[in-house]
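Going letter by letter, the sequence shown gives residues 1 to 763 in our numbering. Step one of this worksheet: look at the structure below.
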Amino acid sequence: MSRETMSAGCSIVALLAMMTSPALAQSQDKAAPQAGASSVGLNIDAGDIVVTARKIEENIQTVPVAVTAFSGASLAQRSIRSLDEIAQQTPNLYIQRVGIEPQSLVIAIRGQYQNDIPLTADPSVGIYVDGLYHPRTLGLAGALVDIQRVEILRGPQGTLFGRNTTGGAFNVLTADPTQQLEGSLSATLGNYDLREVVGVLNIPISETLAARFVGQRGKRDGYAKDSLGRDLNKDNSTYLRGKLLFTPTDAVSIKLFGSYSENHAGGGIIHLAGIVPFSGIVAETAAEQGFAFTPEGLTAAFNYLSGFAQRNVYDNQGSTQPKSDFKGYEGGLDINLDLNDSISIRSITGYQHIDRDNVIDSDGTPIQVINARFQTKAHYFSQELQLLGNLDNLNWVVGAYYGREKGAERIDIDALPLLNPANPAFISADVLNRNYAAFAQVNWEFAAGWRVTGGLRYSRDMRSIWVNNGNVATPCVVPAPNVPLTPPGASQCPREFKKNGGDPSWLISIDRQVNDDLFAYAKVAKGFRSGGLNFRGGNTAESFDGFAPETVTEYEVGFKSTLFDNRVHFNLAAYYSDYTNIQRTVSIGTTSGTPTSLVANAASARVQGFEAELNGRLTDKLSINGTLGFTDAKYKKFVDISGDRSKEKFGVPKWLASISGRYVEPMQFGSMTGQLDYSYQSTVILEPSAIDLGAVTQRHYGLLNGRISANITSADLEIAVFGRNLLGKDYKASAVTNEASVGFSFVTAGVPRTYGVQVTKRF
Numbered sequence: 001m002s003r004e005t006m007s008a009g010c011s012i013v014a015l016l017a018m019m020t021s022p023a024l025a026q027s028q029d030k031a032a033p034q035a036g037a038s039s040v041g042l043n044i045d046a047g048d049i050v051v052t053a054r055k056i057e058e059n060i061q062t063v064p065v066a067v068t069a070f071s072g073a074s075l076a077q078r079s080i081r082s083l084d085e086i087a088q089q090t091p092n093l094y095i096q097r098v099g100i101e102p103q104s105l106v107i108a109i110r111g112q113y114q115n116d117i118p119l120t121a122d123p124s125v126g127i128y129v130d131g132l133y134h135p136r137t138l139g140l141a142g143a144l145v146d147i148q149r150v151e152i153l154r155g156p157q158g159t160l161f162g163r164n165t166t167g168g169a170f171n172v173l174t175a176d177p178t179q180q181l182e183g184s185l186s187a188t189l190g191n192y193d194l195r196e197v198v199g200v201l202n203i204p205i206s207e208t209l210a211a212r213f214v215g216q217r218g219k220r221d222g223y224a225k226d227s228l229g230r231d232l233n234k235d236n237s238t239y240l241r242g243k244l245l246f247t248p249t250d251a252v253s254i255k256l257f258g259s260y261s262e263n264h265a266g267g268g269i270i271h272l273a274g275i276v277p278f279s280g281i282v283a284e285t286a287a288e289q290g291f292a293f294t295p296e297g298l299t300a301a302f303n304y305l306s307g308f309a310q311r312n313v314y315d316n317q318g319s320t321q322p323k324s325d326f327k328g329y330e331g332g333l334d335i336n337l338d339l340n341d342s343i344s345i346r347s348i349t350g351y352q353h354i355d356r357d358n359v360i361d362s363d364g365t366p367i368q369v370i371n372a373r374f375q376t377k378a379h380y381f382s383q384e385l386q387l388l389g390n391l392d393n394l395n396w397v398v399g400a401y402y403g404r405e406k407g408a409e410r411i412d413i414d415a416l417p418l419l420n421p422a423n424p425a426f427i428s429a430d431v432l433n434r435n436y437a438a439f440a441q442v443n444w445e446f447a448a449g450w451r452v453t454g455g456l457r458y459s460r461d462m463r464s465i466w467v468n469n470g471n472v473a474t475p476c477v478v479p480a481p482n483v484p485l486t487p488p489g490a491s492q493c494p495r496e497f498k499k500n501g502g503d504p505s506w507l508i509s510i511d512r513q514v515n516d517d518l519f520a521y522a523k524v525a526k527g528f529r530s531g532g533l534n535f536r537g538g539n540t541a542e543s544f545d546g547f548a549p550e551t552v553t554e555y556e557v558g559f560k561s562t563l564f565d566n567r568v569h570f571n572l573a574a575y576y577s578d579y580t581n582i583q584r585t586v587s588i589g590t591t592s593g594t595p596t597s598l599v600a601n602a603a604s605a606r607v608q609g610f611e612a613e614l615n616g617r618l619t620d621k622l623s624i625n626g627t628l629g630f631t632d633a634k635y636k637k638f639v640d641i642s643g644d645r646s647k648e649k650f651g652v653p654k655w656l657a658s659i660s661g662r663y664v665e666p667m668q669f670g671s672m673t674g675q676l677d678y679s680y681q682s683t684v685i686l687e688p689s690a691i692d693l694g695a696v697t698q699r700h701y702g703l704l705n706g707r708i709s710a711n712i713t714s715a716d717l718e719i720a721v722f723g724r725n726l727l728g729k730d731y732k733a734s735a736v737t738n739e740a741s742v743g744f745s746f747v748t749a750g751v752p753r754t755y756g757v758q759v760t761k762r763f
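Here is the structure:
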């Protein structure tokens, strides 16, 4: 961390602390806020909201975890429709749409991220919906419909949640059925011909049984078009969810739920960015455009391509028919049984299925450089058992987890068609992933106001793949085992590869309720991201090498303060992470003499930073929310055959900040509410391994979102107008490099200015 950066960060933290410090001396005798109480001064985002980050209900201000929570009402008021939009209001949470797949996400917390989405590699941040772990982010970008609460936990997780992660966890809780007949119908119209209808119906069937149904149907034109006028990054989505709640006695609760989602997005907005002179893309361009294979002709081809790279990021001149189709469904059974007043059992059973078909034109120009089709089908079964108890000043949970994922991936690639006689090539793999885990965590109040928490989890991963890779010239390019690799060598398709491994996760924390208004904690946690297998190789055994788990040991201190008679909350956390065995895509030498790229445990790093959150109600009508996150990530060692990459940047911004304001004016008919949200991110290199870093760098920028709504009490009606990216900022959202193999990189465009009107009728 540079002296200038440290000075700036300390100055900001000191300023926020000075703003709140007078209340500390004034609040010794105030009553502590009770979990579940109504918010006296704050909106529910940071008021007395109850979270379940530690499997028990706790006031967010007394949880020794860096956690940000949003109620469903707050998400609606901010017009937040997807998980990546939540990142704009959460410190040190950075989310990108995957460059080749607009329906999937790369989620980074505190610098921990996964930059690829195969079935053979797990994410750094876990996503849980109603207690079910989702091993893939495919199809999870949208459908934040009828949500009870979203919790974002920062730091390594594993001792309690279903899977082990290094960065954190997204915990999404949908609304449960109630014993009240109610519902709502919402219709939205907006630019890009947005049309959406959302319906919610809650039915009490009997005194012990209730049902809740949710349906969403939406369409929107694309944010851009290709050279043939076809929509890119459009929306044509359907989402259905049903939930049954059965409570035969006060001691038993059974929830049965299921959902179905489908979306046809039309492919991503891909824009040519960096070009390597005299590379494969330049030679292919020369061949297709009739330029001579001379220095002058290749220079002319390079200049031709450069004309596309210099256009606006939303300009796409691709000619291949793109598409991004996704279908998925899931079901779950959540059973809670109170054995007595102090011990309960919980069982969570889940099944998920995903099916995607994605076609890309990877350069966004009329040249046929690389066209690829990605197909994934997978299903995931999980079972978690928890035994929870409390005894005097002791709370504890022990449990076990099992997950089984089976699926298939296929990639068909047509690269440099006029130059490569081996076109088309294909990569095909059947995948089987299994995970077993046992865990325990204890929380003990050993003295008045003092608590200590200890947690331990051991996970065992078993991975298998059956690979069948080849091309039109060589139907099988997977090397057979125990055979000399002298070309042409022997091959075997399909060939099985296996990798098994395990690792512990643990946590130790101590916290103290200093007084009614100040809570402080310190913790040390170790988490890991599971290892995996490479399946996109060929010709050499090294290209199929597996990779081991990466691990993070993180040290964190923080405090949470409640000030000005519960009108202001100011929370601060600082952390230092020791990051080892980092999984990165690297180039390695092979026995054939040809380098290959694969995922390997290539690096170690340290990550440090802080997060500040300020939430308050300045008056009975005006509330504010502010966040500030700083991530300073540096490699200690990162070397491959290309050289020392230790100075390479992490693909996350150093600074993330936001400020929001909400004003509610009572009216004779009900109320008028205005909401403004501004988010800022510093400069980020979207693809740190690129040769031309300038082409894949997004300069610092801010986004302004707003919403004005009128609530008509007598009619239970809300009419709202909203806008996102109101200032019309053009920005790059993600990047991918093919410079080492073909000689170019591309970027994808962010969401442009959108606006619309929404009418909601409640009954």
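All residues carry an ideal CB built from backbone N, CA and C; glycine is no exception.
Could you tell me which of the options sits nearest to residue i, measuring between CA atoms?
{"i": "residue 730", "options": "269, 408, 668", "result": "269"}
{"i": "residue 479", "options": "497, 473, 745, 463", "result": "497"}
{"i": "residue 528", "options": "545, 507, 355", "result": "507"}
{"i": "residue 688", "options": "266, 230, 309, 274", "result": "274"}
{"i": "residue 233", "options": "216, 388, 127, 265", "result": "265"}
{"i": "residue 686", "options": "648, 665, 670", "result": "648"}
{"i": "residue 675", "options": "659, 667, 684", "result": "659"}
{"i": "residue 438", "options": "467, 463, 397, 444", "result": "397"}
{"i": "residue 499", "options": "120, 194, 761", "result": "120"}
{"i": "residue 236", "options": "144, 222, 246, 668", "result": "222"}
According to DSSP, simplified to helix, strand and coil, what is residue i?
{"i": "residue 650", "result": "coil"}
{"i": "residue 369", "result": "coil"}
{"i": "residue 564", "result": "coil"}
{"i": "residue 159", "result": "coil"}
{"i": "residue 693", "result": "helix"}
{"i": "residue 748", "result": "strand"}
{"i": "residue 519", "result": "strand"}
{"i": "residue 661", "result": "strand"}
{"i": "residue 641", "result": "coil"}
{"i": "residue 285", "result": "helix"}
{"i": "residue 11", "result": "Reliability fails at residue 11, whose pLDDT of 39 lies under 50, so the model's placement of it is uncertain and no value is given."}
{"i": "residue 543", "result": "helix"}
{"i": "residue 527", "result": "strand"}
{"i": "residue 743", "result": "coil"}
{"i": "residue 280", "result": "helix"}
{"i": "residue 187", "result": "strand"}
{"i": "residue 504", "result": "strand"}
{"i": "residue 223", "result": "coil"}
{"i": "residue 753", "result": "coil"}
{"i": "residue 24", "result": "Note that residue 24 has pLDDT 29, beneath the 50 cutoff, so the model's placement of it is unreliable and the number below is only indicative. It is helical."}
{"i": "residue 612", "result": "strand"}
{"i": "residue 334", "result": "strand"}
Over what stretch of residues does the alpha helix (DSSP H) that includes residue i continue unbroken?
{"i": "residue 85", "result": "83 to 86"}
Over the uninterrupted beta strand (DSSP E) stretch that includes residue i, give me the two end residues.
{"i": "residue 246", "result": "235 to 249"}
{"i": "residue 619", "result": "Counting along the chain, residue 619 falls outside any beta strand (DSSP E), and DSSP gives it neither H nor E."}
{"i": "residue 213", "result": "209 to 220"}
{"i": "residue 354", "result": "343 to 361"}
{"i": "residue 494", "result": "Premise fails: residue 494 is in no beta strand (DSSP E) and is neither H nor E."}
{"i": "residue 272", "result": "270 to 275"}
{"i": "residue 259", "result": "252 to 264"}
> If you scan the segment 290 to 332 from start to end, which runs of the alpha helix (DSSP H) of 4 or more residues do you find wholly inside it?
Replying inline: 295 to 309
> Where in the segment 48 to 132 do unbroken runs of the alpha helix (DSSP H), each at least 4 residues long, occur, reported from the N-terminal end onward?
Replying inline: 72 to 77, 83 to 86
> Which whole runs of the alpha helix (DSSP H) in the segment 405 to 473 are 4 residues long or more, in chain order?
Replying inline: none
>> If contact is defined by three or more beta carbon pairs under 8 Å, each pair taking one atom from either stretch, is the segment 75 to 85 in contact with the segment 612 to 621?
In response: no
>> I want to know whether the segment 309 to 324 touches the segment 218 to 231 - three or more CB-CB distances under 8 Å.
In response: yes
> Would you say the segment 448 to 455 touches the segment 412 to 432, given that touching needs at least three Cβ pairs under 8 Å?
Replying inline: no
> Can you give, in chain order, each stretch of the beta strand (DSSP E) that sits fully within the segment 671 to 737 and has at least 3 residues?
Replying inline: 701 to 712, 717 to 724, 732 to 737
>> Measuring CB atoms only, is the segment 700 to 716 touching the segment 740 to 749, in the sense that at least three cross pairs come out at less than 8 Å?
In response: no
>> Taking 8 Å as the cut-off, does the segment 291 to 298 touch the segment 323 to 342 (at least 3 CB pairs, one atom from each stretch)?
In response: no
> Do the segment 379 to 390 and the segment 356 to 370 make contact, defined as three or more Cβ pairs closer than 8 Å?
Replying inline: no
> Using 8 Å as the threshold, is the segment 158 to 168 in touch with the segment 204 to 211, meaning 3 or more CB pairs across them?
Replying inline: no
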